[in-house]
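First up is the structure itself, then whatever we jot down about it.
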Amino acid sequence: MERRNKWALAIILLIGASVFFWEFRSLTLHEIMVEFRQIQWSWIIVAIACMLFQWAVEAKIVQGLLERENFSYSFKKSYRIPLIQHLFNSITPFASGGQPAQLVALKQTGVDIGIGSSVLLMKFVVYQGMIVVYFGLCVLLRYHVLVTEISRLAFFVILGLVTHILVIAVLLLITFKVNLTKKIVHWLMIIVSIFMNKEKARILEEDIVLKVDSFYHESLYIRGQTLLLLKTALLTAVQLAGYFIVPYFILLSLGIKDMDIITIICMHAFIVMIVSLFPIPGGSGGAEYSFTLLFGSFILSPEKLAIALLLWRLITYYLGILLGAVALGVTGDSKNVKDNA
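The opening residue of the sequence shown carries number 7 in the numbering used here; numbering runs sequentially from there.
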């Protein structure tokens, strides 16, 4: 890991520690220990298993997409990819570091850059599509909860959904109207050039057009792979379910049973929608604030709420950072990646 990434990780850990200190500031050590002794750890194991499972499903997605290119790629190597993605998503603004980090990880194990880029692009497109489906369903199914119990966050939830819909709209525009997309890029760059150096604006436009062309050519292949697309979408839906259900088992571990599993899943999806809007790596601060607001109605005890927040963040965020750091140091043997063609 580069020095700047180590510094970013250190800052994220410091922010996280500060947030937890703030949440626990009004609790005594005795109150905290009493709550910890009452935790049903079997449910915590289930919650951790859900996280490990959703990474395993994503690993199968990577493995399956590589097989389309006639590559034999082991599940062990595939499992590294989502872990490394999680690590770099967690330490970069807008989770921007995950995609290039995955590409480097694939290259380390012998996967050609072009093939790796193609695989990750298809995975990204399907993931964005399924995220929009999940978010849309959650808003429809629990809109009444959104506007009545958590009205302070309703705007950000809807804005998060709209943002992801716009991402899909842009991808579809490139896929089916590539020339129109390039014209729109050109018009936007004319406006941008008013505020920045014209040469820099020209270089930026060329770079964007290259990316548009790259995505368009890949989309031609994707449209011809209906079965693979459906299989990847199904696996992605399962992966997201494994992630969104984690808070349900955390609440069960704290003895909270009077709750609706669909509502809990939707609440977790709402947090993801909110966090995706802000550039802070890992949504530090915002994620914790959203959790306390969204799940505060289910957890009336401040002690249980603080413990639930700690467990949720440890399992869904810091566990991935730890495993990602381990995966980063295990490059594997690139000779095991074979072209079967």
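Built from N, CA and C at the ideal position, the CB exists for glycine as well.
Pop quiz: residue i and residue j are said to be a contact at Cβ under 8 Å. What is the actual Cβ separation, rounded to whole angstroms?
| i | j | result |
| --- | --- | --- |
| Cys-53 | Tyr-85 | Inspection of the sequence shows that residue 53 is occupied by Ala rather than by Cys. Incorrect: roughly 19 Å between the Cβ atoms, too far for contact. |
| Met-273 | Leu-300 | 5 Å |
| Val-281 | Ser-303 | 19 Å between Cβ atoms; not a contact. |
| Gln-60 | Gly-248 | 3 Å |
| Leu-71 | Val-117 | No, Leu-71 and Val-117 are not in contact; Cβ-Cβ is about 11 Å, not under 8 Å. |
Quick one, are the C-beta atoms of residue i and residue j less than 8 Å apart?
| i | j | result |
| --- | --- | --- |
| Phe-141 | Leu-167 | yes |
| Val-138 | Ile-171 | yes |
| Cys-144 | Phe-42 | no |
| Ile-21 | Ser-290 | yes |
| Asn-11 | Ile-97 | yes |
| Lys-183 | Val-215 | no |
Three-state secondary structure (DSSP) at residue i?
| i | result |
| --- | --- |
| Asp-213 | helix |
| Met-39 | helix |
| Thr-298 | helix |
| Thr-238 | helix |
| Glu-64 | helix |
| Val-8 | According to the sequence provided, residue 8 is Glu. The question's Val does not apply to it. Three-state DSSP puts Glu-8 in coil, outside helix and strand. |
| Met-195 | helix |
| Arg-148 | coil |
| Ser-307 | coil |
| Pro-285 | coil |
| Met-273 | helix |
| Lys-183 | coil |
| Asp-219 | helix |
| Val-244 | helix |
| Leu-320 | helix |
Verify the contact flag: residue i, CB atom, against every heavy atom of the ligand SAH, threshold strictly below 7 Å.
| i | result |
| --- | --- |
| Ser-78 | No copy of the ligand SAH appears in this structure; indeed no ligand is present at all. |
Check whether the region 223 to 230 touches the region 114 to 131, counting contact only when three or more Cβ pairs, one atom from each stretch, lie closer than 8 Å.
-> yes
Notebook entry, point to check: Does the region 27 to 43 come within contact of the region 189 to 198, defined as at least 3 CB pairs closer than 8 Å?
Noted result: Too few Cβ pairs lie closer than 8 Å, so no.
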